[in-house]
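To keep things clear, I will list the structure first and then write my remarks on it.
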Amino acid sequence: MSQKNKMKVYQKLKFNHEGITKEILFGSPDSKEEFEKMFSLRFDVYTENNYFHESFSRFKKRKDQDNYDLTGKCLYAIAVIDDGRIIGAVRLIRDKILPTEIFFKFDTPKKIEKISNTSRGEIGRLVVQPYSKSSFFPRNLILLFLLKTLFQVGYEAGVEGGYSFVKKSLLNKLRKLRVPVHLIGKYSQDYPADGALFNYFNQQDNPVFPTYFLTVEIEKYLANILNFKSRIIRREQDEKTFVLNDTLYTKFLRRMKVL
Numbered sequence: 704m705s706q707k708n709k710m711k712v713y714q715k716l717k718f719n720h721e722g723i724t725k726e727i728l729f730g731s732p733d734s735k736e737e738f739e740k741m742f743s744l745r746f747d748v749y750t751e752n753n754y755f756h757e758s759f760s761r762f763k764k765r766k767d768q769d770n771y772d773l774t775g776k777c778l779y780a781i782a783v784i785d786d787g788r789i790i791g792a793v794r795l796i797r798d799k800i801l802p803t804e805i806f807f808k809f810d811t812p813k814k815i816e817k818i819s820n821t822s823r824g825e826i827g828r829l830v831v832q833p834y835s836k837s838s839f840f841p842r843n844l845i846l847l848f849l850l851k852t853l854f855q856v857g858y859e860a861g862v863e864g865g866y867s868f869v870k871k872s873l874l875n876k877l878r879k880l881r882v883p884v885h886l887i888g889k890y891s892q893d894y895p896a897d898g899a900l901f902n903y904f905n906q907q908d909n910p911v912f913p914t915y916f917l918t919v920e921i922e923k924y925l926a927n928i929l930n931f932k933s934r935i936i937r938r939e940q941d942e943k944t945f946v947l948n949d950t951l952y953t954k955f956l957r958r959m960k961v962l
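Below, the structure written as structure tokens:
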């Protein structure tokens, strides 16, 4: 692991890669280099998927960094591999009015109404890249560990629930993995035509849906999957190191029809 990485580590995932034990670290970025790598990763993934217009200034810097990032309204989780490369990231926005409430019109879900505005957050900018071009590693597992890390960070900040707008492709994946996210029933989309993510919100074959989550449900779900008794992902006694049984996990994903 690069000595320049100063992240606070919440989880370690060990696995076998071409006969060698490797590990992915999950935590919060805590250095300028880590933040720069994270913003560059987001830019690369969003550019690859044609999510925003080339006219925006972020293209000159080749970084995806918006006002929520610039004004310190976000908490983050990242996944870092041995060579210091960041292969996954996600953020949690804290604000009085959250993006989903701005870009969609809907009635606040009753379960969210019970949570004060100061205890709400919004999950977004979830991106995951392949571990290696030459070999397979399940990105779904990186996704789950990113969420686990983000919810630990969010729990420390007092987040009890909130929103997330997600693409249809990701929503289908979350459903197959049985992650407890809830669709908002009646809504209308109201994203501005000159917005940076206009393409993201208007891809006809992969639309965006507003959802909400409850922290207690997500934490219970993750605790059931990542526990000491699991044969697929063994949790060690230090409680933050996990060891993956590659064969069993691949069989699990195929049974869940995720692969």
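Adding 703 to a residue's 1-based position in the sequence shown gives its number in my numbering.
Glycine included, every Cβ here is placed at the ideal spot set by N, Cα and C.
Keep in mind the model is a prediction, meaning the values are calculated, not measured.
Segment limits, beta strand (DSSP E) that includes residue i
| i | result |
| --- | --- |
| Phe718 | Lys711 to His720 |
| Tyr866 | Gly864 to Lys870 |
Distance CB(residue i)-CB(residue j) smaller than 8 Å
| i | j | result |
| --- | --- | --- |
| Ile781 | Gly730 | yes |
| Gly824 | Val869 | no |
| Lys871 | Asn909 | yes |
| Gln855 | Tyr713 | yes |
| Leu929 | Arg938 | yes |
| Phe809 | Asp893 | no |
| Asn753 | Asn902 | yes |
| Leu728 | Phe945 | no |
| Val830 | Val748 | yes |
Selected residue, minimal CA-CA separation from residue i, among the options
| i | options | result |
| --- | --- | --- |
| Lys799 | Pro812, Arg788 and Tyr771 | Tyr771 |
| Arg765 | Leu744, Ile723 and Val783 | Leu744 |
| Leu917 | Leu728, Ile727, Ile784 and Ser822 | Ser822 |
| Pro833 | Ile826, Ser867 and Ala792 | Ala792 |
| Leu849 | Tyr866, Leu795, Pro812 and Thr803 | Leu795 |
| Cys777 | Leu853, Ile805, Val882 and Pro812 | Leu853 |
| Lys876 | Leu846, Ala899, Asp786 and Tyr779 | Leu846 |
| Val884 | Glu922, Asp941, Ser819 and Glu721 | Glu922 |
Residue burial classification, residue i (beta-carbon count within 10 angstroms, cutoff 16)
| i | result |
| --- | --- |
| Arg788 | exposed |
| Val911 | buried |
| Pro895 | exposed |
| Arg828 | buried |
| Ser867 | buried |
| Lys740 | buried |
Residue-level contact to chain D via CB, residue i, 8 Å cutoff
| i | result |
| --- | --- |
| Asp772 | This model lacks chain D altogether; it includes just one protein chain. |
For residue i, the first and last residue of its enclosing alpha helix (DSSP H)
| i | result |
| --- | --- |
| Ile727 | No alpha helix (DSSP H) contains Ile727, which is instead part of the beta strand (DSSP E) from Ile723 to Ser731. |
4 or more residues per run - each alpha helix (DSSP H) lying fully within the stretch 742 to 809: Taken in chain order, the complete alpha helix (DSSP H) segments of 4 or more residues contained in the stretch 742 to 809 are 761 to 764, 770 to 773 and 802 to 806.
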